[in-house]
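Take a look at the structure set out below.
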Amino acid sequence: MEPTPEQSPHHAYPDHWEADVVLRDGGTARIRPITTDDAERLVSFYEQVSDESKYYRFFAPYPRLSDRDVHRFTHHDYVDRVGLAVTVGGEFIATVRYDRIDAAGRPASAPAEEAEVAFLVQDAHQGRGVASALLEHIAAVARERGIRRFAADVLPANNKMIKVFRDAGYTQQRTFEDGTVHLTLDLEPTEKSLAVQRGREQRAEAHSVQRLLAPGSVAVIGTGRTPGGVGRTVLRNLLASGYTGRTYAVNRAFDAGLPTLDGVPAHRSLGEIDERVDLAVIAVPAHRVPEAVADCGEHGVRGLVVLSAGYAERGSEGRELQRELVRQARSYGMRIIGPNAFGIINTAETVRLNASLAPESPARGRIGLFTQSGAIGIALLSGLHRRGAGLSSFISAGNRADVSGNDFLQYSYEDQDTDVALLYLESLGNPRKFTRLARRTAALKPVVVVKGARHSGSTPPGHAVPVSRIPDATVSALMRQAGVIRVDTVTEMVDAGLLLAGQPLPAGPRVAILGNSESLGLLTYDACLAEGLRPRPPIDLTTAASPQDFRDALAAALADGTCDAVIVTAIPWVGENGEAETGDGEVLAAALRGAAAGGPAKPVAVVHVEIGGLAEALAAASGTAAPRPRTPAAERRTAPARPAGPPAPAGPASRSAAPDTVPPTPRAAATPPADAETPDEQTVRPGRIPAYPAAERAVRALAEAVKYAQWRRQAAVPGKVPEFLDDTIDEQGAAALIEELLGTTPDPRGRSLGHDEARALLGRYGIAVRPTLPAPDAEAALTAAAHLGYPVALKTTAPHLRHRADLGGVRLDLADEDALRRAYGDLTDLLGSPAELLPVVQSMAPRGVDTVVRASIDAAAGAVLSFGLAGTPSELLGDTAHRLVPATDRDAAELIRSIRAAPVLFGWRGATPVDTAALEELLLRLSRLVDDRPEVVSVALEPVVVAPHGLSVLGASVRLAPPPARDDLGPRRLPNY
123 MEPTPEQSPH HAYPDHWEAD VVLRDGGTAR IRPITTDDAE RLVSFYEQVS DESKYYRFFA
183 PYPRLSDRDV HRFTHHDYVD RVGLAVTVGG EFIATVRYDR IDAAGRPASA PAEEAEVAFL
243 VQDAHQGRGV ASALLEHIAA VARERGIRRF AADVLPANNK MIKVFRDAGY TQQRTFEDGT
303 VHLTLDLEPT EKSLAVQRGR EQRAEAHSVQ RLLAPGSVAV IGTGRTPGGV GRTVLRNLLA
363 SGYTGRTYAV NRAFDAGLPT LDGVPAHRSL GEIDERVDLA VIAVPAHRVP EAVADCGEHG
423 VRGLVVLSAG YAERGSEGRE LQRELVRQAR SYGMRIIGPN AFGIINTAET VRLNASLAPE
483 SPARGRIGLF TQSGAIGIAL LSGLHRRGAG LSSFISAGNR ADVSGNDFLQ YSYEDQDTDV
543 ALLYLESLGN PRKFTRLARR TAALKPVVVV KGARHSGSTP PGHAVPVSRI PDATVSALMR
603 QAGVIRVDTV TEMVDAGLLL AGQPLPAGPR VAILGNSESL GLLTYDACLA EGLRPRPPID
663 LTTAASPQDF RDALAAALAD GTCDAVIVTA IPWVGENGEA ETGDGEVLAA ALRGAAAGGP
723 AKPVAVVHVE IGGLAEALAA ASGTAAPRPR TPAAERRTAP ARPAGPPAPA GPASRSAAPD
783 TVPPTPRAAA TPPADAETPD EQTVRPGRIP AYPAAERAVR ALAEAVKYAQ WRRQAAVPGK
843 VPEFLDDTID EQGAAALIEE LLGTTPDPRG RSLGHDEARA LLGRYGIAVR PTLPAPDAEA
903 ALTAAAHLGY PVALKTTAPH LRHRADLGGV RLDLADEDAL RRAYGDLTDL LGSPAELLPV
963 VQSMAPRGVD TVVRASIDAA AGAVLSFGLA GTPSELLGDT AHRLVPATDR DAAELIRSIR
1023 AAPVLFGWRG ATPVDTAALE ELLLRLSRLV DDRPEVVSVA LEPVVVAPHG LSVLGASVRL
1083 APPPARDDLG PRRLPNY
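For what it's worth, the numbering used here labels the leading residue of the sequence shown as 123, then goes sequentially.
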C-alpha cells in the first residue's frame, strides 16, 4: 500500500514491515502497517469483536469506535505511533499499536525508549497464535525505531493476553497496580525469546504441511470430462490409492445435470459443494488459475497443490505471475505446493492419499521424500518401488514458490511415521534457515540431500531465490556441519536411505566382510579402504556355501565385538548336483534375516550378483521398518570437544570415524511409544536388509551411515562458544573503532582497511598481527629493520606478488644490514622498482607450518569461517574446510582436522607437531569478531605460521561494510521470492 498525502513525508509507508506468517493451526495471514485507507476495515473488524474482548482492551464497555477513535487508530507517523494489522482475505482479524511514552507515561518522541502497547484479536481467531506473531513483529518495529521497552496494562482476568506476554521469552517485570497487571518487557532478544520464536515457527510450519498431506477432503479442479489429461489422472490416482477422505471433481465445463464422475460427486464450482474442502488440486491452464484460487479462498479451502505450468520456468513474465499466485493464495490463508508440481503422496493408513501424477502409490514405509523436480521425483519413486522400499510421504514441489524443503524438514522433524528424510534440492531459498533446521532434524533422524544445479552458475528455471556467492564445496561442508548426509546422485541417495531406514546406525567404522566369492570380497574390502572404513580381512565361505553357512557366518560376525557392521557378498552358489543355483533368493534371504534377528543390533548390507529374488525377499522382511527404540546411553555420550590427536590419513571418512570403543547406536527414529523397553532391556532388531548390485554402492552407503552416527554422538553434547573472559577482547573499543572507520555516511560497497587499521581492529579481539614497516628505498628498509630487530623478512605487497614466495617476492632470515641491502637490490633488479613492488620489512617469526584463516559473510548463508594450509593445498587443490559462525570449540578442533593435509600439523613423517591449541583459539577469536560485529564482512589472515609453540599472524586484510540484513534473527515471516 502507498502512503496518503495526510501522512508525513518524512515517514513514508514502511513496506518492509509487511510479512506473511504461518499461524499455529497451519494457516497463513498477512501482517502490515495500518494506513488511513483502513477506516472501514477497522470499523468492520471492531463490530465482530465480542463485548468481553472490547472490555479487556479498553477496561470498560466500549460497544463501538467513535470517529475520533477511528482517526486515531488509522493515522500513524510510523515512528512514535505505529499500528499493525493481521489480515485474511483482505479483512482485519487482529490489530496492535504502540505509542511512545516518557517516564511519566505521557506521549513522547525520540529519544524516549518506552512505548505503551495494546492488542485486539477477533474472537473467532483467538487461539491461532495471532497475538504471539503480532508481538514479534511490533517488537521488531519498535527496536528499529529506537524503542527498548514495552509497557502494557492488562486486566487480571485477561489470562490469554497475560500468557502471550509471559510466554514470549523477553525479560519482563510484573506489578499489580490499581486493579490491573502492569507489565514491562525488555525488547532486546534473548536466547529464550529466540528459542520460543523458532519453536512456534517449527510447529506452525510443520502443521501447515501436515494440513496439506492429511486433508479430510480433496477437490480436483480441472478434472477432464473424458479420460486422460492431468486432472482426470490425479482423480484416478486418488481413487486407486484408497484415499480415506471425501473426493470431488470440479470443472466449470461440466454439464449441469452431471451428478458423478468416476464415482465421485461432480460440481461446476466449489460453491456447489456443501462442505468446506481441505485441499484443492488445481489442474487448469495458467490463465485460469487466479479464478480457481479465488474460488478456493472464498470457500475456505485450506491448501493448494498447483500442477499447472506456465510460471517462472517461462521467464520474467511467468515469474511475476508466480509471485501474484502466491500473494493471492496467502491472502486467503492458504499455502501452495507448486506451481508446476508433480503432486503429493501420504501412505499413512488413515489417509492413503495419492494426489499426484504417479500412476502407482508407493508402499507404506518410513522414508519421507521431497523433490523440486517432477522428473527426478518419478525416477526416485520408481527406484524405491523397484527395490521394495516404502514411503511415508512424498512432495514434488515444482517451482517451490511457497512450500519448500525447509517446510518439509519442519514436518519431518515431528512426523512419527518418518525415520529418514530424503531431499532433492536445486536451490536453497534460505541457507541459514536450512542449516539450522537440518541440524535439529538430523539430531533425531537422518537427512539425506542431493543438490542439483551445483555448477551451472545460475538459478534453475522457475526458482527465484537469493544469490549465494559461496562455492559448492563450502555448501557441502556447511551441510556436513549440520549433520546432513550429502550425496552426489539420486542413486546414492536411495542407497543411503534404504540402509538408514532399515538398519541400526553403526557404532564405528569396523566392517566384517563375508561371502562365497573371494573376488567380490576383495572388491568390497578395497571399497571400504577407499571410503575410510576399517575392514577386516574378508571371510571366504567358498562357492559351495549353503544358505545355512551364510546364516552361521553372519551370526558369528554380528556376535564379534570387534566389528561394527557386516557386508555380505553373494553370488549364485553350487548346488548338490554341482551346478550353480541362480534361483531361490528367498532361501538365502530367510537365512540372513534369521541371523540378523537373533544377533546384536548392527547394520547388515548385502552385495549380490545374479541371485534371483534376493533383493525382493530381503526388502519384504519383517514389515515396513524396525521397531523404534529409545535412545540408549551410548548415544548420549560424545567425544571431547577437542579431538585428542591427529586425524588418520588413510582416507576422507577416516577423519570422522568413531573410535573402536564406542558402544552400538541404534537407528535414528522419532519419539518411541510409551511402552518401549528401557535401554538396558530392549533388543533392537534390524528391519529390511538392503541389497546392492555393486560393492562400492553398499560401502558408500555404509560409510555415510558411519559418519552420520559419529555426528549424532557428538551432537548429543554440543560444543561451547568460549567467553574469553580475559581482557584480550574489547567489544566496546572495536565497536567505536568500526564506527570511526566507516564514518557517519558509510559507503554501501564498504571499504578495505589499511595494514595499521586492520592490526588495530584485530588487536581488540586478541589477534596480534606482526607489524610491517614500509621500505620505499634501501635506507628506509635498514631503518625499519633496526627498529624491528634482526633477523627480518623483506616482502613485496604488490597485489600480483602478494603471498607469492615462488616468484621471489619474499626474502627471509636477513640477519644483518649487508644481507638486507643485498636482498633489497636483488628484489628490485629482478621484479621492478620499489614503487611497483611496495616492499615492506617484517621481523622473522618462528618456523612452522604456513596456514590461512578466513572469515566472510555471504548474504544468503551467513558468516563462514574457513581454514587451510597456505599455498598449493588450498589454492590449487581446494583443500579448505569451512564452518558456520559462531564456531564452537568442537567446530574449531574439527575445522583444522578435516582438511586432507591435516597430518602436516600433527607431526607428519617425523616432523615436530605444531601448536594446534593456539590455532583453535585464533579461529574462535576470529569467529567471535565477525559474530559480534556484522560490519566486518571479510577477514583474511595469511599467512598464519603455526610453530611448535604459539603462532604468528604475518598478514591481515579486513573489509568493513554496513551490516547486511539478518532475516534469521527477525520475526517469523514467509519468504517472498
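Backbone N, C-alpha and C fix where the C-beta goes; we use that ideal spot for every residue, glycine too.
Residue state for Y292 is assigned as coil, using DSSP reduced to three classes. A check of alpha carbon separations from I607 across A560, G643, Q625, L636 identifies A560 as the nearest. The beta carbon of P412 sits closer than 8 Å to the beta carbons of E446, L447, Q450 from its chain, once the five residues preceding and following it are set aside; these are given in chain order. The beta carbons of V688 and M615 sit no closer together than 8 Å. The beta carbons of D173 and P183 sit about 7 Å from each other, so the pair counts as a contact at 8 Å. Shortest Cα-Cα distance from Y178 to any of V165, P278, T382, I260 involves P278. Beta-bridge analysis with DSSP links S518 to G465, T493. At a Cβ-Cβ threshold of 8 Å, A151 and V208 count as neighbours. Contact between D400 and L357 is absent: CB atoms are separated by about 16 Å, not below the 8 Å threshold.
Between V1061 and R976, the C-beta gap is smaller than 8 Å, which places the two residues in contact.
If you keep only unbroken alpha helix (DSSP H) runs of at least 4 residues inside the stretch 137-224, you get 161-169, 173-180, 189-196. Taking the C-beta atoms as reference points, A405 is found no nearer than 8 Å to G460. Between the beta-carbon of S965 and that of G911 there is about 6 Å, and that keeps the pair under the 8 Å contact cut.
Beta-bridge analysis with DSSP links E238 to D221, A273.
Note on geometry: alpha-carbon atoms of F989 and D1013 lie some 11 Å from one another. In terms of CA proximity to V572, L544 leads the group L544, V165, E236, T557.
In the DSSP assignment, Y546 falls within the unbroken beta strand (DSSP E) covering 542-547. In the DSSP assignment, V1080 is bridged to V1061.
Short of 7 Å from the beta carbon of V286, and not among the five residues preceding or following it, lie these beta carbons of its own chain, in chain order: A253, S254, L257. The beta carbons of L1082 and I851 sit no closer together than 8 Å. Looking from the CA of S1074, the closest CA among A907, A897, R1019, P893 belongs to P893. DSSP links K573 through a beta bridge to L547. Taking all protein chains shown into account, F672 has 16 or more neighbouring C-beta atoms within 10 Å of its C-beta and is therefore buried. Nearest C-alpha to A908 among S598, A497, V963: V963. CA-CA distance, A618 to R509, rounds to 13 Å. The DSSP-derived three-state label of F846 is coil.
With the rule of 3 Cβ pairs closer than 8 Å, the stretch 617-632 counts as touching the stretch 828-843. Going by C-alpha positions, G720 is about 58 Å away from I153. Contact between L426 and V415 holds, since their C-beta atoms are separated by about 7 Å, short of 8 Å. For R270, the closest alpha carbon among the candidates L680, Y220, H304 is that of Y220. Under a 10 Å Cβ-count criterion, T646 is classified as buried, with 16 or more other Cβ atoms of the shown protein chains found around its own Cβ.
The DSSP-derived three-state label of R873 is strand. H329 and S483 have their C-alpha atoms spaced approximately 23 Å apart. The beta carbon of R410 is closer than 7 Å to none in its chain, skipping five residues each way along the sequence. For T355, same chain residues with a beta-carbon under 7 Å away, outside a window of 5 residues either side, are L479 in chain order. Setting aside the 5 residues that flank it on each side, A274 is surrounded in the same chain by V239, L305, each with a C-beta closer than 6 Å to its C-beta; the list follows chain order.
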